[in-house]
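Engineer:
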Amino acid sequence: MQEGLVGGQGFAVDASLISTDVQKQNSSNPDKWAARKIDPDDAPRAVREYLDTLDDEAFGAATTVKPKFTAHADPASQWTAARKGPAFFAYSTNYLIDTDHSVIVDVDACRTNKTAEVGAMRKMLDRTEERFGMKPDWIAADTAYGSSANLVWLSLKRQILPFIPVFDKGERTGGTFSRSDFTWDDENDRYICPGGKEMKHTWRTYSDPARNAPSWKARKYRALKSDCTGCALKEKCCPNAETRAVHREKYEIVRDFARQCTAAEFNVTAQKRRKKVEMLFAHLKRILGLGRLRLRGPCGVQDEFTLAATAQNLRKLAKLKPMGPAFE
Numbered sequence: 001m002q003e004g005l006v007g008g009q010g011f012a013v014d015a016s017l018i019s020t021d022v023q024k025q026n027s028s029n030p031d032k033w034a035a036r037k038i039d040p041d042d043a044p045r046a047v048r049e050y051l052d053t054l055d056d057e058a059f060g061a062a063t064t065v066k067p068k069f070t071a072h073a074d075p076a077s078q079w080t081a082a083r084k085g086p087a088f089f090a091y092s093t094n095y096l097i098d099t100d101h102s103v104i105v106d107v108d109a110c111r112t113n114k115t116a117e118v119g120a121m122r123k124m125l126d127r128t129e130e131r132f133g134m135k136p137d138w139i140a141a142d143t144a145y146g147s148s149a150n151l152v153w154l155s156l157k158r159q160i161l162p163f164i165p166v167f168d169k170g171e172r173t174g175g176t177f178s179r180s181d182f183t184w185d186d187e188n189d190r191y192i193c194p195g196g197k198e199m200k201h202t203w204r205t206y207s208d209p210a211r212n213a214p215s216w217k218a219r220k221y222r223a224l225k226s227d228c229t230g231c232a233l234k235e236k237c238c239p240n241a242e243t244r245a246v247h248r249e250k251y252e253i254v255r256d257f258a259r260q261c262t263a264a265e266f267n268v269t270a271q272k273r274r275k276k277v278e279m280l281f282a283h284l285k286r287i288l289g290l291g292r293l294r295l296r297g298p299c300g301v302q303d304e305f306t307l308a309a310t311a312q313n314l315r316k317l318a319k320l321k322p323m324g325p326a327f328e
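Numbering-wise (UniProt numbering), the sequence shown opens with residue 1 and increments by one.
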């Protein structure tokens with residue numbers, strides 16, 4: 001930071017798939033792969049590392065979904081068809097970069113799924129603060145990092161502004177109103193529908209006002225049947241139901257805060273800087289030629305990713321720092 005290479009204010013994070021050096025022919029269904037019965041003394045290094053990472057959030061514990069195939073030579077790798085083409089075994093390399101000069105601050109290897117990649121982002125942020133004392137003011141990422149749990153972790157626990165699109169399943173594609181078309185009234189704990197009618201989570205009047213007070217719980221807000229029956233917008237709102245209901249999640253206030261961040265003017269700059277990490281991945285695969293891993297196992301893959309990121313940083317340093325005077 002003193003040399004001006006790293007600003008430390010804005011970070012960007014993303015993950016990219018790198019195929020492993022294993023073949024589908026040397027694999028089998030996980031049901032036929034009894035991992036707990038493998039003798040570590042007779043197993044190769046990659047298999048021993050796989051056994052050691054069965055409970056790791058970045059590998060074995062990343063998801064409960066079993067892959068279709070497990071590679072015998074590198075069982076920690078994941079069978080994936082994320083590129084919308086033929087499936088293959090791969091790992092994910094995760095980059096955390098400073099957006100001033102695209103310097104890679106940290107790198108981490110994990111399995112190829114969203115849960116593992118989000119966990120890698122958290123690990124890299126914690127590790128960067130512990131090693132270098134750097135904590136960004138904001139971070140930019142794509143929708144894969146826009147889950148409620150991750151936005152809560154960034155906003156409330158780490159106090160980092162998330163310029164991340166919210167991962168929202170409430171958007172409808174059938175032509176009817178989505179949740180974003182309803183206006184939230186925080187003061188009165190209600191939604192206002194496109195027709196101007198209010199929607200409440202309960203229409204009962206309690207003698208104790210505390211029973212109807214806002215709380216950190218998931219709630220369903222409904223409109224009155226009399227309001228929906230004669231509404232001119234019913235066909236675009238709830239054509240197959242008597243009334244319209246809108247779900248509000250437990251931490252919807254944090255999701256609304258993330259939406260405000262992505263709607264701010266600075267989000268245009270943040271998203272432009274986020275693309276720098278994509279350029280680093282293109283450089284990694286096209287210039288350095290790391291389109292396929294040479295090493296196997298979580299430790300070998302982590303070492304290979306770290307060496308590649310170090311090489312990229314050295315090339316960046318050579319560009320940013322002018323050469324000294326030539327020797328006479």
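Beta carbons: idealized from backbone N, C-alpha and C, even for Gly.
1) Straight-line CA distance for residue 416 to HIS283?
2) Does the distance from the CB of ARG158 to the CB of LYS135 come in under 9 angstroms?
3) Tell me which residues share the same chain as GLN271 and place their Cβ nearer than 8 angstroms to its Cβ, disregarding the 5 neighbours each side in the sequence.
4) Buried or exposed for LEU320, going by 16 or more other Cβ atoms inside 10 Å?
5) Within its chain, find whatever has a CB closer than 8 angstroms to the CB of LYS220; leave out the 5 residues flanking it on each side and keep chain order.
6) How long is the line joining the alpha carbons of HIS72 and PHE88, rounded to whole angstroms?
7) Is it buried or exposed, GLY119, if we count other Cβ atoms within 10 angstroms and call 16 or more buried?
8) Please work out which residues of its chain come closer than 6 angstroms, Cβ to Cβ, to ASP227, disregarding the five sequence neighbours upstream and downstream, and give them in chain order.
9) Under three-state DSSP, which class holds SER27?
10) Whose C-alpha, out of VAL65, ALA144, ASP55 and THR20, is nearest the C-alpha of GLY297?
11) Secondary structure at ALA73, three-state DSSP: helix, strand or coil?
12) Might you give, ordered along the chain, the residues of its own chain that have their beta carbon closer than 8 angstroms to the beta carbon of LYS217, omitting 5 neighbours on each side?
13) With C-beta atoms as the reference, is ALA308 less than 9 angstroms away from LEU288?
14) Which class does PHE11 belong to by DSSP, given the choice of helix, strand or coil?
15) Determine the direct distance from the alpha carbon of ALA76 to that of GLU57, and round the result to whole angstroms.
16) According to DSSP, is ASN313 helix, strand or coil?
Structural biologist: This is what the structure gives:
1) Only positions 1 to 328 of the chain appear in the structure, and residue 416 is not among them; the question remains open.
2) yes
3) ALA140 and PHE163
4) exposed
5) HIS201, ALA245, VAL246, HIS247 and ARG248
6) 14 angstroms
7) buried
8) LYS197
9) strand
10) THR20
11) coil
12) LYS250
13) yes
14) strand
15) 12 angstroms
16) helix
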